[in-house]
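Numbering (the numbering used here), first residue to last: 4 to 178.
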Amino acid sequence: MVKKKPKKIGLDDLRRAVQAVRATELGRRYGDPGDVRTMRLAQRVHPHLMAVLDQRSREYGITRSQFVERILIDYLNQFERCQLDAIGRWVVQADWNPRMAVRRLDQLPTSSKEIEIGKQVEKEWLETQGNKEIDLRSLGIESPEALEKVIAEMRLRRDSSGHLLPAGRRPRTRK
């Protein structure tokens, strides 16, 4: 029997060994099993709503599912007095800070880009119905003066943000 000489370990072998050890340590650590999202939510929606969700989620660089999840969590925390964290887990009262409910208001800034589906629908409407003359008599308006009066009343019944107010209600003012 011929004895084999022990193989000399070179610098390249050490580098490979270190890389192999690092490769097993790469990646995220395993998360808490309680953090896993196990429930599914399916909803039928209008194609226009889906187009808006698609456009905005692409602008923010997240998936549509993540975008809808953020919308739901933010709504529930702000208006329904829930205590949900970023993935939808209930936060116990001792750990809850009321500022957590509004902490992400600036995380998704409002986009200055116009909604594409809105432009498309407006264009289609103008092509089909926008050019038709409005029959004012069917609306209860007999003369151009009456039309001016209705328009003036509508302008008076708007609040500071331009929304129409119910009849008899004064616009809101800040105290």
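Cβ atoms here follow ideal geometry from the backbone N, Cα and C, with glycine treated the same way.
Under three-state DSSP, which class holds Leu44?
Position 41 of the sequence shown, counted from the start, is the residue given in the question as residue 44. Three-state result, Leu44: coil.
To which residues of the same chain is Phe70 closer than 7 Å at the C-beta, ignoring the five residues directly before and after it?
What you label residue 70 is simply residue 67 of the sequence shown in a count that begins at 1. Excluding residues within five positions, the ones whose Cβ falls inside 7 Å are Leu56, Arg59, Ser60, Tyr63.
Selection from Asn100, Ile154, Arg67 that minimises the alpha carbon distance to Gln81:
Reading the sequence shown from its first residue, position 78 is the one you call residue 81. Closest option to Gln81, Cα to Cα, is Asn100.
Coil, strand or helix - Trp93 by DSSP:
Counting from 1 along the sequence shown, the entry for residue 93 is found at position 90. It is a strand residue.
Taking the DSSP output, what are the residues bridged to Leu87?
Taking the sequence shown and counting its residues from 1, the one referred to as residue 87 is at position 84. Paired residue(s): Trp93.
Would you identify the three-state DSSP class for Thr66, choosing helix, strand or coil?
Counting from one through the sequence shown, the residue named residue 66 turns up at place 63. Thr66 falls in the coil class under three-state DSSP.
Run through DSSP, which three-state label would Gly37 get?
Here residue 37 refers to the residue found at position 34 when the sequence shown is read from its first residue. If DSSP states are grouped into helix, strand and coil, Gly37 belongs with the helices.
Taking 8 Å as the threshold (C-beta atoms), are Asp16 and Ile90 in contact?
Taking the first residue of the sequence shown as position 1, residue 90 is located at position 87. Taking the first residue of the sequence shown as position 1, residue 16 is located at position 13. No, Cβ-Cβ distance for Ile90 and Asp16 is not below 8 Å.
With 8 Å set as the bound, which would you pick, yes or no: does the beta-carbon of Asp57 sit closer than that to a beta-carbon of chain D?
As a matter of chain content, chain D is missing from the structure shown, which is built from one protein chain.
Alpha carbon to alpha carbon, what distance is there between Leu87 and Glu117?
Stepping through the sequence shown from its first residue, residue 117 is reached at position 114. Stepping through the sequence shown from its first residue, residue 87 is reached at position 84. Answer to the nearest angstrom: the Cα atoms are 31 Å apart.
Cα separation between Tyr78 and Arg47?
Numbered from its first residue, the sequence shown carries residue 78 at position 75. Numbered from its first residue, the sequence shown carries residue 47 at position 44. Those two C-alpha atoms are separated by around 20 Å.
Return helix, strand or coil for His51, following the three-state DSSP convention.
Counted from its first residue, the sequence shown places residue 51 at position 48. Residue state, collapsed to three classes: helix.
Taking its Cβ as the centre, do 16 or more other Cβ atoms sit within 10 Å of Ile76, making it buried, or is it exposed?
Here residue 76 refers to the residue found at position 73 when the sequence shown is read from its first residue. Burial call: buried.
Can you give me the start and stop residues for the alpha helix (DSSP H) that Ile120 sits inside?
Mapped onto the sequence shown, residue 120 falls at position 117. Where Ile120 is concerned, the enclosing alpha helix (DSSP H) stretches over 119 to 128.
When Glu130, Val153, Pro147, Gln123 are compared against Ala54, the one with the closest alpha-carbon:
Position 51 of the sequence shown, counting from 1, holds the residue named residue 54. Of Glu130, Val153, Pro147, Gln123, the residue nearest in Cα terms is Gln123.
Taking 8 Å as the cut-off, decide whether the C-beta atoms of His51 and Ile154 are in contact.
For this step, residue 51 is matched to residue 48 along the sequence shown. For this step, residue 154 is matched to residue 151 along the sequence shown. Result no, Cβ atoms of His51 and Ile154 do not sit closer than 8 Å.
Roughly how many whole angstroms lie between the Cα atoms of Gln73 and Arg67?
In the sequence shown, residue 73 corresponds to position 70, counting from 1. In the sequence shown, residue 67 corresponds to position 64, counting from 1. Note on identity: in this sequence residue 73 is Arg, with Gln being the wrong assignment. Rounded to whole angstroms, Arg73 to Arg67 spans 10 Å at the Cα level.
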